[in-house]
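Residue numbers for the sequence shown follow our numbering, so the first one is 601 and each next one is one higher.
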Amino acid sequence: MDTMNLNITRYCLEQWACDNSTASKPAFTFARKNKKNDTWTYQEVWNLVQSIGKGYIKLGLKKGDRVLIRLPHSPEYAFAFFGANIAGLIPIPASPQLTNEEASFLLEDSGATCIVQSSTAQPFNFKGITIEDKNLLHMNGEKELPFTKSEDPGFLIYTSGTTAKPKGVLHAQRTVLGRAFMRKGWQDFQKQDITMHAGTLNWSYTLGVGLLDAWAVGAHATLQESPIEPDEWPEIIERLKINVFSAVPTIFRQILKYSEIEKYDLSALRHVLCGGEPLTPALYEEWESRTNTKIHEALGMTELSTYISSSPTITTRIGSPGKPQLGRNIAILPEDSDSTEPVPPNEIGLLASHRSDPGLMLGYWNRPQEESAVFRGDWFIGGDRAAMDTDGYIWFHGRADDVIKSFGFRLSPVEIEAVLESHPEVSEAAVIGYQLDESKTLVTACIVPVENHDINEQNLKIFATEHLAEYKQPHQYKFFKSLPRTKNGKLQRSVLLKSLHEASKNL
């Protein structure tokens, strides 16, 4: 395919829809909780997104206009997104749980002129075009769809991070070429596969792995209507004969905890994919022993998607997310200087990706200072700390902004968490820096005990003494029934810290 004329949606769908041997092949199934599933063929999906794209144009939208998608997890969400992309518009996937104030910020910051939302959404003051989900599948128009170039914007993802307000990460149409590295070096999707992602479509992980990557190889992508209880997943995987299942570690942990997974026939399941947060060795080993399938982990970021991974062709080393995917140019750069020379093997530094990577973002939306801050010469540095061993495996040491500075030491919370979670009576651990005053920060371990197990601070102190250098040992332990996480399963360290500060005020 000519990469000068390039469009994500065309790349993923057109070849299969226009080939008589695959046009009638199932492309997308939305599995309903009542088990009456909705399925579309490649020809049907292709026709539908083209019609919706023409419908956007008929309403007066033009190439480059932004479209905010604020829908519940549904087939309409997917069609709204890819319909906007094929029309040369810039879709912005957002959560339906956003308040009107939060949605208004995204609309104002992005300059969106159109919003797609549920007919039951709370009305608010928006002077642009509003499309309700009940009308979306009936959209059409007469004008031809424009062609897009590889460097044209493809979609805009808002992400929370170190800034007070979410920032927009703008991706190009060429991102579909960059994702080819992960299709080969992580997912191993096959044309005959039935894939399933456990997430919702407002998350780029689900849009990308759940649909885009599956369609790029001609596979049958399935998503499940939400909400779903953890113990329901094994039955769904068995019934739909899923070959590759993707989720965050929290989902795998909950499946093992709440389901009798051994009772189900998972023989169709070839492997599972895991991303979004670090995978603990204990979870990896329990999943493999109970399901006889491997978890292939990946490390990524919104600005690039996954770029470090294990796969059927990259042997897993427990504790490492894997190696740089073939085709990526990855380096570990110094933390304490502006040098672009990689650090020696096994030395911790900042994980960097070369700006030539086709999957790398175009930039941050209207944030030139923040954009310049993440580049060091030709290297993009997203803030992950890591080391690369002599065999090329990456060892993750947390986010640079998560580093705890305590009594003159710089500590990786991820390293300490991994040790604590190896304790047989610890289900989950989160380590944060609790600042007592300007000169004193206490390393604080937040612990979720294994259910029906009695563990106390003294037990953990003894364990830490045996497994951690003295300066890495937590100064205090706090116990929780669960750790705060986002809807996508990511640990919310800031929420933990806030709860501890509030608790101290009430003493």
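No residue lacks a Cβ here, since even glycine has one placed at the ideal position from N, Cα and C.
Keep in mind it's a predicted model, so treat the numbers as computed, not measured.
Start-to-end residues for the beta strand (DSSP E) that takes in residue i
| i | result |
| --- | --- |
| I836 | Element bounds for I836: not the beta strand (DSSP E) but the alpha helix (DSSP H), W833 to L840. |
| Q717 | C714 to Q717 |
| E742 | It is not in any beta strand (DSSP E) - E742 carries neither H nor E in the DSSP assignment. |
| Y758 | P753 to T759 |
| G900 | I895 to M901 |
| Y907 | S905 to S909 |
| G768 | K767 to A772 |
| L873 | H871 to C874 |
| V667 | R666 to R670 |
| F724 | From DSSP, F724 is part of no beta strand (DSSP E); its letter is neither H nor E. |
One or two residues paired with residue i in a DSSP bridge
| i | result |
| --- | --- |
| T641 | P626 |
| W995 | A987 |
| S953 | I930 and F980 |
| T730 | I715 |
| I1047 | A1029 and F1079 |
| T795 | A821 and V844 |
| L1020 | Answer is none; L1020 lacks a bridge partner. |
| Q1035 | T1041 |
| R917 | Answer is none; R917 lacks a bridge partner. |
| S939 | According to DSSP, S939 bridges with nothing at all. |
| G922 | I994 |
Whole-number beta carbon distance between residue j and residue i, since they are thought to touch under 8 Å
| i | j | result |
| --- | --- | --- |
| V905 | R779 | It is Ser, not Val, that sits at residue 905 in the sequence shown. Right, their Cβ atoms sit about 6 Å apart. |
| L613 | W646 | 5 Å |
| L770 | L756 | 5 Å |
| S1132 | T902 | Any property of residue 1132 remains undetermined from this structure, which presents the chain solely from 601 to 1107. |
| T629 | Y642 | Not confirmed; about 12 Å, so no contact. |
| F975 | D984 | The pair is not a contact, with the Cβ atoms about 15 Å apart (cut-off 8 Å). |
| E751 | R774 | 7 Å |
| G922 | I836 | Actually they do not touch by this definition, with Cβ atoms about 27 Å apart. |
| Q1073 | A1064 | 4 Å |
| L962 | F980 | About 12 Å; that fails the 8 Å criterion. |
| V1019 | L1068 | 6 Å |
| G1089 | P849 | 7 Å |
| E1025 | I1055 | 4 Å |
| L933 | A1000 | Their Cβ separation, rounded to whole angstroms, is 11 Å, which puts L933 and A1000 out of contact at 8 Å. |
| S1006 | V1043 | 5 Å |
| F789 | A814 | 6 Å |
Minimum C-alpha distance to residue i - residue among the options
| i | options | result |
| --- | --- | --- |
| V1003 | I1016, F628 and S1104 | I1016 |
| E644 | E751, W979, P626 and R928 | P626 |
| S909 | T902, Q925 and G919 | Q925 |
| L745 | P675, G664, T639 and H797 | G664 |
| T609 | P878, L648 and T891 | L648 |
| L661 | C714, A819, P672 and A678 | C714 |
| S585 | C618, I657, N740 and H673 | Beyond the ends of the chain as shown, which are 601 and 1107, falls residue 585; an answer cannot be given. |
| Y758 | N637, K784, D813 and D709 | D709 |
| H673 | K857, I686, R632 and K1072 | R632 |
| A1117 | V1026, D831, F1063 and V809 | Lying outside 601 to 1107, the shown extent of the chain, residue 1117 is not represented and no answer is given. |
| I1032 | A987, K1078 and D991 | K1078 |
| E862 | N892, A798 and L840 | N892 |
| A678 | N802, M796 and P878 | N802 |
| P944 | A973, A987 and G919 | A987 |
| L1114 | Y864, T880 and W887 | For residue 1114 there is no data in the structure shown, the boundaries of the chain being 601 and 1107. |
| D831 | R853, S859 and I851 | S859 |
| T639 | D619, P675 and K734 | P675 |
| L606 | Y1071, I731, Q854 and P753 | P753 |
| K765 | K749, F789 and S704 | S704 |
| A712 | L811, T699, A721 and F726 | F726 |
| T748 | I828, Y611, C618 and L883 | Y611 |
| E732 | T795, V667, T1044 and E701 | V667 |
| V1050 | Q615, S1027, A798 and K1040 | S1027 |
| Q717 | D1037, L1096, L671 and P693 | L671 |
| T1041 | K743, Q1076, G992 and A882 | Q1076 |
Limits of the alpha helix (DSSP H) - the one that residue i falls within
| i | result |
| --- | --- |
| K857 | P849 to Y858 |
| G1089 | No alpha helix (DSSP H) holds G1089; DSSP gives it neither H nor E. |
| A821 | Segment H820 to Q824 is the beta strand (DSSP E) holding A821; no alpha helix (DSSP H) there. |
| A1064 | E1057 to H1067 |
| C618 | Looking at the DSSP string, C618 is not in any alpha helix (DSSP H), and its letter there is neither H nor E. |
| G683 | P675 to I686 |
| A973 | P968 to A973 |
| L706 | N700 to S710 |
| R890 | P881 to T891 |
| L606 | Here L606 belongs to no alpha helix (DSSP H), and DSSP marks it neither H nor E. |
| L777 | T775 to G778 |
| W815 | D813 to A816 |
Check: residue i C-beta below 7 Å from any heavy atom of the ligand NAP
| i | result |
| --- | --- |
| L1060 | Absence of the ligand NAP is noted for the structure shown, with no ligands found whatsoever. |
Beta carbon proximity, residue i to chain B, threshold 8 Å
| i | result |
| --- | --- |
| G799 | Protein chains in the displayed structure number just one, and chain B is not present. |
Three or more C-beta pairs closer than 8 Å, one from the segment 908-919 and one from the segment 963-983: is that the case here? Contact fails: fewer than three Cβ-Cβ distances are below 8 Å.
**Request:** Could you tell me whether the segment 836-853 touches the segment 861-879, where touching means 3 or more Cβ pairs closer than 8 Å?
**Result:** The segment 836-853 is in contact with the segment 861-879.
Discussion item. Counting beta carbon pairs with one atom in the segment 674-694 and one in the segment 935-943, are three or more of them shorter than 8 Å?
Written reply: With the cut-off at 8 Å, the segment 935-943 and the segment 674-694 do not touch.
### Query
Between the segment 885-897 and the segment 813-829, do at least 3 Cβ pairs fall closer than 8 Å?
Using a C-beta cut-off of 8 Å, the segment 885-897 makes no contact with the segment 813-829, since fewer than three inter-stretch Cβ pairs fall below that distance.
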